[in-house]
Structure formats: structure tokens, C-alpha cells
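Okay, so here's the structure we're looking at.
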DNA sequence: GTAAAACTTGAAGCTGACTTTAAGTCAAGG
DNA sequence: CCTTGACTTAAAGTCAGCTTCAAGTTTTAC
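Residue numbers (our numbering), protein chains in the order written: chain A, 1 to 131; chain B, 1001 to 1131.
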């Protein structure tokens, strides 16, 4: 499989695949005549990376994700610290977004002319300040 | 009030206040001897903007937020479209994060050596692909 | 009156994650 | 064999949202 096919299969632009390889998120691909060749599971690995990315992993965190795989070591074991930390971050982020959702609700119910005299907005501002 | 006092009151760096003015998120402040002077409610307006920002509004969206205020028009009315759209965005993002949380859970319970043979990860990837 | 602190501006620099460009190399079809 | 399309690289450009810098001006305190 060359990079174009992998791009089509994974839904990522080829430029992104090259970029991920360049910064070490992907291992260096084997070359034939200078061009990258990928095994059949490459798309699967990319899918895992896309999953990780959409789970809020940054590229530098993702660099460590695929390294664990190999004979003798169960990767999830290596992932545990990373994943638990990320779980906490996700929980925090969900809580924050829910708070935002409530604030937007409250502002929508507001009916006043002046910012300064708006109790709902003031309350929201207080709530915000307390985080 | 000069920019330094406003910075202390709002908790924002002066550089950010200047930047927000420059890109039109804040109206141009009145000047005395070339230096910005602010009325007492300026900090409150900044707080509203910080609130909006932490509700996920980007700066270009925030540009419209303070415009509604003035005699005769209730700002929340103007905000409704923006806010409802943002509510939808927030709901989507919350749903996404919850899905991510489940996926990280699942990966943590995984116990296999190879990506390709991992049913849990594969299932997560499917779930990802379906969004 | 003078020195320090705070202000002013425009421009450049920063981070993260790419995308685009330029100039060149390789591969597949006819 | 030749054209066309896909590939290669390094380097520069992009976006958001600032921060930092340099050089100069204004205010404030003594």
C-alpha cells in the first residue's frame, strides 16, 4: 500500500501522514524506490491514533501510544498511567462544558437592557470567577 | 481607570485587553493624553467576555456579543441565535467527550498484545468511525 | 525637576497541528 | 519511450490567541 491508498483508507490527507511520521507519531515507513509502503494494518494503527486524538491526546502524547506494542509487553499496561490521567482530564472537561451549557441557558433566559443591571449574567460571572 | 487598573480588576493582562481592542472584540477606549481610560463598568464587560470565552465562544464570535447593548433592544434577544447554536455545539462536544471517556475505559480493560487482534480497540475504532 | 513606573505603538515571536509550495523523482499506461 | 499522475523533500505559510520586544511618550512620586 502506498501513501495515497493509505490516505484514502484512513481518511487522513497524505500530508498529515507524512507529518505524523516526521514528528515521530508514526514510525518511519519502509521505502521502495524512495516511496513509502505500508502493511495492511497501517490503516488500523492510524485509526487508533485518530481515536486517541479525538480522545484529546495531543501529538506528543500520541508518540508513546504505539510504542508499547511488540512481543512480550502488553501495551495497555503501558497505557494505564496515560489513560487514567486522560480520564481525569476528560471528566474535568465534561464538567466544565456542562457548566458552560448552564451558563448559556441562563443568559438565554435573561431579559434586561443593561449588562450592569442583569442579575443572571452577574450570577454567571460570579460562578465563573469561582472556578 | 487606566489599563493597568482594569487589568488588575479583570484579571486579564493589559496586553490581552489591548489585543482585544485591536481586533475589535472591545470598542476603542477613550484616550487621555494617548492613554486609555475606562468607565467603571468596563471590568463588568470584560467579565462577560471572559464568561463567553469560557463558554466556548471564539474571539470572532465574541465581537458581536457586546454590540447588542444599548437603548431599546434587549441584548439577549440578539444573542439567542448565537447562544442556541453554541448550545448545540456544547451538547455535541459533551456527547463526544462522554464517548471518549467510554473508549478510554474500554482500552484500559484491554489485555492483548497486538493492535490488530484487540477486539476492544477495534470496537472503539468502529464507534469512532460511525460519528 | 527628575527619575521611575506605566503607558503607547507596530512588529515579531510563540504553540500546535497542519497545509502549501517548490523543485525534483518515481511508476504505470499506452 | 514518453507522458501523466503520484510520490519525495525541506521550508515556508496558516490559524487562533496571545506574549514579547523595541523604542518612544506620559504620568506619578518625591
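The C-beta atom is built at its ideal place from N, Cα and C for all residues, glycine as well.
Item                                                                                                                                                                                                       : Value
Which residues in the same chain as residue 1053 of chain B place their Cβ atom closer than 8 Å to its Cβ, once the five residues preceding and following it in sequence are excluded?                     : 1059 and 1062
Measure the C-alpha to C-alpha separation of residue 1012 of chain B and residue 1020 of chain B and round it to an integer number of angstroms.                                                           : 11 Å
Taking a Cβ distance cut-off of 9 Å, strictly less, list which residues of the region 1075-1097 of chain B are near chain A, in chain order.                                                               : 1075, 1076, 1077, 1079, 1080, 1083, 1084, 1086, 1087, 1090, 1091, 1093, 1094, 1096 and 1097
Go through its chain and collect everything with a Cβ distance to residue 31 of chain A's Cβ below 8 Å, but skip five positions before and after it.                                                       : 37
Assuming residue 1043 of chain B and residue 1010 of chain B are in contact, meaning their beta carbons sit under 8 Å apart, how far apart are those beta carbons, in whole angstroms?                     : 5 Å
Kindly list, in the order they appear in chain A, the residues whose Cβ is closer than 8 Å to that of residue 1104 of chain B.                                                                             : 55, 83, 86, 87 and 90
How long is the line joining the alpha carbons of residue 94 of chain A and residue 88 of chain A, rounded to whole angstroms?                                                                             : 10 Å
Along chain A, which residues have their Cβ under 8 Å away from the Cβ of residue 1101 of chain B?                                                                                                         : 87, 90, 91 and 94
Which residues, taken in chain order from the region 28-58 of chain A, show a beta carbon closer than 8 Å to some beta carbon of chain B?                                                                  : 41, 44, 45, 47, 48, 50, 51, 54, 55 and 56
Give the DSSP-derived three-state secondary structure of residue 109 of chain A in the structure shown.                                                                                                    : coil
Pop quiz: residue 97 of chain A and residue 1083 of chain B are said to be a contact at Cβ under 8 Å. What is the actual Cβ separation, rounded to whole angstroms?                                        : Not a contact, Cβ separation roughly 15 Å.
On a Cα-Cα basis, can you pick out the residue from A:2, A:23 and A:55 that is closest to residue 14 of chain A?                                                                                           : A:2
Please give me, in chain order, every unbroken run of the beta strand (DSSP E) with length at least 3 that falls completely inside the region 18-49 of chain A.                                            : 30-32 and 35-37
I need the DSSP call for residue 1011 of chain B, collapsed to helix, strand or coil.                                                                                                                      : coil
Would you mind stating whether residue 104 of chain A and residue 1055 of chain B have Cβ atoms separated by less than 7 Å?                                                                                : yes
Identify, in the order they occur along the chain, each residue of the same chain with its Cβ nearer than 7 Å to the Cβ of residue 16 of chain A, setting aside the five sequence neighbours on each side. : none
If you count every other CB in all the chains shown that lies within 10 Å of the CB of residue 28 of chain A, and 16 or more means buried, which is it?                                                    : exposed
Using only the alpha-carbon positions, how far apart do residue 1050 of chain B and residue 1086 of chain B sit?                                                                                           : 15 Å
According to the neighbour-count rule (16 or more other Cβ atoms, all chains shown, within 10 Å of its Cβ), is residue 8 of chain A buried or exposed?                                                     : exposed
Helix, strand or coil: which one does DSSP assign to residue 63 of chain A?                                                                                                                                : coil
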